[in-house]
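**Student:**
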Amino acid sequence: MIRLGDIVPKVRSKNAGPFWLTIDIFCGNTATFTQTSRQLKTRAVAEALDMDQFQIKRFDIADLNVIKLSMPRPSTQGASTDRDMHGASFGQLIQDLMI
Amino acid sequence: MTKVLIPSGALGLGYDRDALARGIEHQPDIIAIDGGSTDSGPHYLGTGTSKYSRSSTKAEWAELIDARAKAGVPLLIGTAGTCGSDDAVDWLVDITREIASERGERLTMAVLKSGQDKVLMAAAFDCGRITPLPAAPKVNADTFLSCSNIVALAGVEQIQAALDTGADIVIAGRATDTAVIAALPLKHGCHAGAAWHGAKVGECGALATTNPNSGTILIAFDDQGFTITPMGKDAHATPQTVSAHMLYENSDPYILYEPGGHLDVTGATYTALNDRNVRVQGSKWVPSDRYTVKLEGARPAGYQTISLALIRDPRYVENIHTWRDDIITKCTAKAEDRIGGHFTIEIRLIGVDATLGPLDAHSNVGSEVGVLGIITAETEGLSREVAKILNPYLLHHPLFENEEMPTFAFPFSPPELPRGVVHEFCLHHVLELEHPMDAFRLTTEEIGA
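Protein chains in written order, with this note's numbering: chain C, 1 to 99; chain Z, 1001 to 1449.
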């Protein structure tokens, strides 16, 4: 098992509008992309974010060596329960996943 | 061919002046810039205000008005004043009048407004003309009536109507980021898929290049595709930087929904013409049967007061959750007993898990914790009162009843800071229109000497 953040160069988390979050895992090269694409389970992402895995849209983009995960925002942007206006920190949870 | 010069990702962000000057030398057909986004939160739409300072906005806008004069082409801004509400548009219109009059420059200005009447929107919802997008909150007619501002996002049709007035300067309210860039190429008959795709790539200025801080880029559209050229000296566009931009703040990397249809970039090809320019072809525009525009709405969600205390005592740091939970229970009971009313007390622990909350399984607690009390209440007075009931707990609350009274660090006097009314986004819907201009208002005026 290895921590995802130790093998990929960058995980970016951003708002995609106030109601959606999008997380891009930049794998950097084909080998890391192939490994991550095979071993990263959408269910593990769902557990890290405490949401139903069927709410997550996943795109494994070989041309860019990127895995994109989009999901309804855990809290609507700026709502009283929201802690992160730009949704920038959720990528940390993905970096901490073990694959 | 239609050349669109994009000075930066948003007015107020700044740009490289040399890059802008080089852009003018390329003889663009229009200078187009975005003025906002929802990304800074609901406050701006809720209050109809800009997140950037008036002085910065005026300085940058004046430079773009100069650039416009040099290029002899229209200057266009969408989503003026961060949120694109009517008040935010009026704010930029006022700044523009001021610049023209200070310079003694005579200009024609077209103003496109996107603000929606909440009573009309509630009625449109009741008759089924407003429908939810994926992950939309549940709404009813009252949701629309509770909004302080509702805006519709203009597409290219409304922006083209504003350009058709022949104005020197077009100030548009809320519009899609892409519409302000795609409007002129589409009006000139350029390839529709290319116009929308190029607009998406260009919406953040030089973010789709190797040097995002250089700001300015030029996109040349034609009847088959588009070519992106960064204007920053050390900026390069590569097939990687350009294609990767479809990922940015976009939930689907291949499809982008816009008023009147959607962009599909599945078949796009990205070719490096040299080490600076990239050519893109093969994107597709798919028109829709219905013409819809997206709605954004924000409404008041109570009044907030926050208090900040700092805990450095190792025993309290170690037992911070117990301490925090005990304060919430006791303070809530006391406030309910003494004043009542609707309020909530939340305490976030900075240095523990304030960023991710219960999702954070890997936090390492350091030598101190910032304790952020957040009181949200139905009135400003109640929120301040409850904060004042909370403050003595944050200063002196003992971990156990039988121990000596501790004292913690308050960085300020008073420790509580009123945040006034707070807002929340409450719409993620589309409005169906018979004619694109039905929900928008276009006016023109002469300004300056």
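Just so you know, even glycine gets a beta-carbon here, dropped at the ideal spot from N, CA and C.
Report yes if the C-beta distance between residue 1263 of chain Z and residue 1283 of chain Z is below 8 Å; otherwise report no.
**Tutor:** Taking 8 Å as the Cβ cut-off, residue 1263 of chain Z and residue 1283 of chain Z qualify as a contacting pair.
**Student:** Below 8 Å between beta carbons: does that hold for residue 1190 of chain Z and residue 1164 of chain Z?
**Tutor:** Cβ atoms of residue 1190 of chain Z and residue 1164 of chain Z: not closer than 8 Å.
**Student:** Let's test the definition: count the other Cβ atoms within 10 Å of the Cβ of residue 1127 of chain Z and tell me whether it reaches 16, buried, or not, exposed.
**Tutor:** By the 10 Å Cβ count, residue 1127 of chain Z comes out exposed.
**Student:** On the CB-based measure, 16 or more other CB atoms within 10 Å of its CB, does residue 1271 of chain Z come out buried or exposed?
**Tutor:** The residue is exposed, with fewer than 16 neighbouring Cβ atoms inside 10 Å.
**Student:** Can you grab the Cα-Cα spacing for the pair residue 1258 of chain Z / residue 1078 of chain Z, in whole Å?
**Tutor:** The alpha-carbon atoms of residue 1258 of chain Z and residue 1078 of chain Z are separated by roughly 15 Å.
**Student:** Whole angstroms are fine: how far does the CA of residue 1032 of chain Z sit from the CA of residue 1011 of chain Z?
**Tutor:** So the two alpha carbons sit approximately 10 Å from each other.
**Student:** From residue 1063 of chain Z to residue 49 of chain C, what distance separates their C-alpha atoms?
**Tutor:** Using only the alpha carbons, I get a separation of about 45 Å.
**Student:** Inspect the CB distances between the stretch 77-97 of chain C and the stretch 1171-1190 of chain Z and report whether three or more fall short of 8 Å.
**Tutor:** The stretch 77-97 of chain C, when compared against the stretch 1171-1190 of chain Z, does not touch it at the 8 Å Cβ threshold.
**Student:** Cα-Cα, which of Z:1067, Z:1111, Z:1342, Z:1236 is closest to residue 1377 of chain Z?
**Tutor:** Checked all of Z:1067, Z:1111, Z:1342, Z:1236; the closest Cα to residue 1377 of chain Z is Z:1342.
**Student:** Between residue 1362 of chain Z and chain C, is the shortest Cβ-Cβ distance under 8 Å, so that the two count as touching?
**Tutor:** Yes, because at least one Cβ of chain C sits closer than 8 Å to the Cβ of residue 1362 of chain Z.
**Student:** Using C-beta distances below 6 Å, list every residue in its chain close to residue 1312 of chain Z, excluding the 5 sequence neighbours before and after it, in chain order.
**Tutor:** Once the five neighbours on either side are set aside, the close Cβ partners of residue 1312 of chain Z are 1368.
**Student:** I want to verify the contact list: residues of chain Z whose CB lies under 7 Å from the CB of residue 61 of chain C, in sequence order.
**Tutor:** In chain order: 1253.
**Student:** Of the choices Z:1131, Z:1424, Z:1236, Z:1317, whose alpha-carbon is the least far from that of residue 1408 of chain Z?
**Tutor:** That would be Z:1317, whose Cα lies nearest to the Cα of residue 1408 of chain Z.
**Student:** Under 8 Å, Cβ to Cβ, is there at least one residue of chain C near residue 1355 of chain Z?
**Tutor:** True, the Cβ-Cβ gap to chain C drops below 8 Å.
**Student:** Answer yes or no: do residue 87 of chain C and residue 13 of chain C have a C-beta to C-beta separation smaller than 8 Å?
**Tutor:** Going by C-beta atoms, residue 87 of chain C is nearer than 8 Å to residue 13 of chain C.
**Student:** Can you give the Cα-Cα distance for residue 1372 of chain Z and residue 1422 of chain Z, rounded to whole angstroms?
**Tutor:** Computed Cα separation, rounded: 17 Å.
**Student:** Name the residue from Z:1056, Z:1131, Z:1043, Z:1231 whose alpha carbon lies nearest to the alpha carbon of residue 1027 of chain Z.
**Tutor:** Closest by alpha carbon: Z:1231.
**Student:** Thinking C-alpha only, which one of Z:1022, Z:1083, Z:1009, Z:1038 is nearest residue 1071 of chain Z?
**Tutor:** Nearest of Z:1022, Z:1083, Z:1009, Z:1038 to residue 1071 of chain Z, Cα basis: Z:1022.
**Student:** What in chain Z is Cβ-close to residue 5 of chain C, meaning under 8 Å?
**Tutor:** Within 8 Å Cβ-Cβ: nothing; residue 5 of chain C doesn't reach chain Z, min ~11 Å.
**Student:** For residue 1395 of chain Z, which residues of its own chain have a beta-carbon under 8 Å away from its beta-carbon, when the five flanking residues on both sides are left out?
**Tutor:** Around residue 1395 of chain Z: 1309, 1407, 1408, 1410, 1415.
**Student:** What is the DSSP secondary structure of residue 1430 of chain Z, counted as helix, strand or coil?
**Tutor:** The answer is strand: DSSP assigns residue 1430 of chain Z an E or B state.
**Student:** Compute the Euclidean distance between the alpha carbons of residue 1038 of chain Z and residue 1402 of chain Z, then round it to the nearest angstrom.
**Tutor:** Each residue's alpha carbon lies about 50 Å from the other.
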